[in-house]
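In the working numbering, the protein residues as written are 43 to 135.
The structure appears below as structure tokens.
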């Protein structure tokens with residue numbers, strides 16, 4: 043993924059870290075969730091879409107809803123949720 047001026051790389055890396063708390067049921071789902079996430083943000087960067095239009099005001103809710111497309115669930119500690127929220131705040135400016 044290319045480095046973007048809208049904080050996309052920081053955002054994707056933060057969401058990827060958060061998604062590591064969710065274990066997909068198979069290896070194909072595991073690989074495709076990260077490919078899909080990168081594609082989403084690459085398209086957003088190309089269109090000049092602000093981060094908040096993608097993840098909304100609650101990046102944890104976004105990431106966990108995204109993860110549910112690939113797995114039934116996972117345990118995410120409170121500090122990991124805060125880390126994701128803080129990373130998106132920095133990236134969004």
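Every residue gets a Cβ at the ideal spot worked out from N, C-alpha and C, and that includes glycine.
Counting only the same chain and skipping the five closest in sequence on each side, list residues whose C-beta sits under 8 angstroms from that of residue i.
i: residue 58; result: 76 and 79
i: residue 135; result: 49
With distance defined between alpha-carbon atoms, name the residue in the options nearest to residue i.
i: residue 50; options: 74, 63, 93 and 128; result: 93
i: residue 87; options: 73, 113 and 52; result: 52
i: residue 131; options: 100, 108 and 107; result: 100
Can the beta-carbon of residue i be found closer than 9 angstroms to that of residue j?
i: residue 133; j: residue 56; result: yes
i: residue 63; j: residue 97; result: no
i: residue 126; j: residue 109; result: no
i: residue 60; j: residue 123; result: yes
Could you name the residues of the same chain whose beta carbon sits closer than 6 angstroms to that of residue i, not counting the 5 residues immediately before and after it, in chain order?
i: residue 83; result: 50 and 54
i: residue 71; result: 112
Could you name the residues of the same chain whose beta carbon sits closer than 7 angstroms to that of residue i, not counting the 5 residues immediately before and after it, in chain order?
i: residue 102; result: 123, 126 and 127
*asked:* Just to confirm the assignment: which complete alpha helix (DSSP H) runs, minimum length 4, are found wholly within the stretch 95-134?
replied: Here the runs fully enclosed are 101-110 and 120-134.
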